[in-house]
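Student: So in the numbering used here, spot 362 of the sequence shown is number 416, and the numbers just go up one at a time.
Sending over a structure as structure tokens; questions will come in a sec.
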Amino acid sequence: MRILHTSDWHLGRSFHGHGMLAHQAAFVDHLLEVVAAEQVDLVLVSGDVYDRALPPVDAVALAEEALVRLADSRARVVLTSGNHDSHQRLGFASRLLDAAGVHVRTHARDVGVPVLLEDQHGPVAVHALPYLDPDHLREPWGLPTRSHEAAMTEALRRVRADLARRTATRSVVMAHAFVAGGQPSDSERDISVGGVQHVSAGLFEGIDYTALGHLHGRHVLAPALRYSGSPLAYSFSEASHRKGCWLVQLDAGGFIGAEFAEAPVPRPLARLRGHLDDLLEDPRHAAAESAWVQAVLTDPVRPAQAKLRLERRFPHVLSLGFEPEGAGPVGVPAARTGGGLSDHEIALDFVRDLRERPADDVESALLRAACDACCDDADLDPGVVA
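Structural data, given as structure tokens:
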């Protein structure tokens with residue numbers, strides 16, 4: 055059996071204010087191409103199909119299109135919900151979808167009940183575990199502690215109880231969790247409960263293949279225990295990631311190997327750091343001219359019109375930070391508020407303390423206009439004592 059393992063589509067997500075739906079649609083096209091070219095028998099989507107519980111209508115339309123196209127392909131599909139999904143909305147009409155070969159599993163009540171498939175070597179039991187919230191499951195499942203480890207331990211107990219009743223059946227588990235050994239990026243939502251979010255990798259021992267979701271970088275925690283990662287980068291911390299899916303093979307004895315099918319990169323990410331003039335002139339940064347850019351300027355004094363100047367070379371600057379060389383931690387400037395100071399003078403003090411040089415005449419005029427605009431009487435600065 056040839057399996058394509060993917061997860062964390064996050065349909066409807068934006069990247070620093072830029073819509074990603076067209077890029078996500080291009081990934082769906084790529085996914086279908088891989089299914090056809092590699093003769094994939096089974097597609098696993100391990101949670102976080104959407105980016106939020108109430109997704110925008112265009113994201114729902116793309117998800118529908120993806121599932122219709124997969125249902126028309128040669129592959130069967132098993133899809134689970136993640137911590138970003140609404141299990142009720144994503145799981146709507148799941149029994150009806152079963153008839154189309156698209157198996158959507160989003161409810162904890164289905165844990166321990168597999169999707170059963172067959173190939174030339176016999177049966178494969180796919181245990182599709184949705185995101186398991188310990189708060190919601192502690193009472194109905196009688197969990198001994200309020201932790202993800204406790205919830206996953208009980209889920210795997212139910213999975214193994216089912217597998218023990220079967221003979222010569224290979225096992226696949228899908229799980230959306232933070233398994234120990236993986237490295238998070240900046241774009242995953244924290245799922246800690248009382249500071250406990252990790253799940254032991256040892257819980258999955260003996261399973262022929264475990265398709266993990268939640269972490270956005272691909273990881274191989276053990277040969278048959280893997281994260282596919284997200285198909286697109288959703289934070290600059292993922293600039294070095296290779297995005298795509300795992301193409302997994304099972305034979306009569308279980309897992310025999312996996313190779314990575316890289317996804318297209320619609321626009322690369324670049325993280326730049328240094329003095330503004332160096333970034334603008336250094337030929338080593340030529341590749342970043344077409345990338346989404348995160349820049350951190352280290353000039354001792356904050357350069358004027360820094361973003362505008364950067365955009366002349368790097369038109370896709372999305373994030374700009376300042377970390378002056380040799381500077382200590384930046385605190386909140388101490389404003390002088392007594393002695394009859396006007397709001398305008400307080401604002402000028404703030405600007406001078408923050409960037410270590412005073413406002414010029416144009417900036418001073420803008421600050422005065424802003425202060426006046428906040429007053430009931432535009433001609434009266436309320437900081438002035440009559």
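For every residue, glycine included, the Cβ atom is placed at its ideal position computed from N, Cα and C.
#1: Compare the Cα-Cα distances from arginine 243 to each of Ala423, Ala424, Asp105, His72 and report the closest residue.
#2: Could you have a look at alanine 129 and say whether DSSP puts it in helix, strand or coil?
#3: Evaluate the contact criterion for the segment 147-160 versus the segment 197-216: three or more CB pairs, one atom per stretch, below 8 Å.
#4: What's the call for arginine 305, buried or exposed, on a 16-neighbour Cβ count within 10 Å?
#5: Quick check: the Cα distance between alanine 440 and cysteine 425, rounded to an integer number of angstroms?
#6: Contact between the segment 91-104 and the segment 267-277: three or more CB pairs below 8 Å?
#7: Mind the definition here: the segment 281-299 touches the segment 233-240 only if three or more C-beta pairs lie below 8 Å; say whether that holds.
#8: Keeping to the same chain, check which residues put their C-beta closer than 7 Å to that of alanine 120; ignore five residues upstream and five downstream.
#9: Within the continuous alpha helix (DSSP H) that includes serine 418, where are the two ends?
#10: Just curious, the alpha helix (DSSP H) that isoleucine 245 is in, first and last residue?
#11: In whole angstroms, what is the alpha-carbon distance linking glycine 249 and alanine 115?
#12: Do you know offhand how far arginine 338's Cα is from histidine 84's?
#13: Is leucine 58 near valine 111, with beta carbons less than 8 Å apart?
#14: At which residue ranges does the segment 137-214 contain complete beta strand (DSSP E) runs of 3 or more residues, listed in the order of the chain?
#15: When we look at the beta-carbon of aspartate 397 and count the other beta-carbons within 10 Å, is it buried (16 or more) or exposed?
#16: Would you mind sorting arginine 406 into buried or exposed? The rule is 16 or more other CB atoms within 10 Å of its CB.
#17: Look up glycine 271 in the DSSP assignment and say whether it is helix, strand or coil.
#18: Between leucine 301 and alanine 312, which are expected to be in contact by the criterion C-beta below 8 Å, what is the C-beta distance as a whole number of angstroms?
#19: Three Cβ pairs or more, each shorter than 8 Å: is that satisfied between the segment 217-234 and the segment 252-261?
#20: Can you tell me the Cα-Cα spacing of histidine 181 and aspartate 336, whole angstroms?
#21: What's the call for arginine 211, buried or exposed, on a 16-neighbour Cβ count within 10 Å?
#22: Please state whether DSSP places leucine 266 in a helix, a strand or coil.
#23: Classify lysine 361: buried if its beta carbon has 16 or more other beta carbons within 10 angstroms, exposed otherwise.
#24: Looking only at its own chain, which residues have a Cβ that is under 7 Å from the Cβ of proline 188, when we skip the five neighbours before and after it?
#25: In the DSSP assignment, find the unbroken beta strand (DSSP E) run with alanine 229 in it and report its ends.
#26: Which value, in whole angstroms, describes the spacing of the CA atoms of glycine 256 and asparagine 137?
#27: Thinking C-alpha only, which one of Gly155, Arg128, Asp62, Leu108 is nearest leucine 144?
#28: Look at the alpha carbon of leucine 275 and the alpha carbon of phenylalanine 232, and state the distance between them as a whole number of angstroms.
Tutor: By the coordinates alone:
#1: Asp105
#2: coil
#3: no
#4: This sequence places aspartate at residue 305; arginine is not what is there. Answer is exposed; the Cβ neighbour count stays below 16.
#5: Any answer about alanine 440 is weak, because its pLDDT of 41 lies below 50 and its placement is not dependable; what the coordinates show is given next. C-alpha separation (whole angstroms): 17 Å.
#6: yes
#7: yes
#8: Val82
#9: 415-427
#10: That residue, isoleucine 245, is in no alpha helix (DSSP H); it is neither H nor E in DSSP.
#11: With a pLDDT of only 47 at glycine 249, under 50, the local geometry of the prediction cannot be trusted, and no value is derived from it.
#12: 31 Å
#13: no
#14: 156-159, 169-173, 176-182
#15: buried
#16: exposed
#17: coil
#18: 6 Å
#19: yes
#20: 53 Å
#21: exposed
#22: strand
#23: exposed
#24: Leu197, Arg200, Ser201, His202, Ala204, Ala205, Val247
#25: 224-230
#26: 22 Å
#27: Leu108
#28: 12 Å
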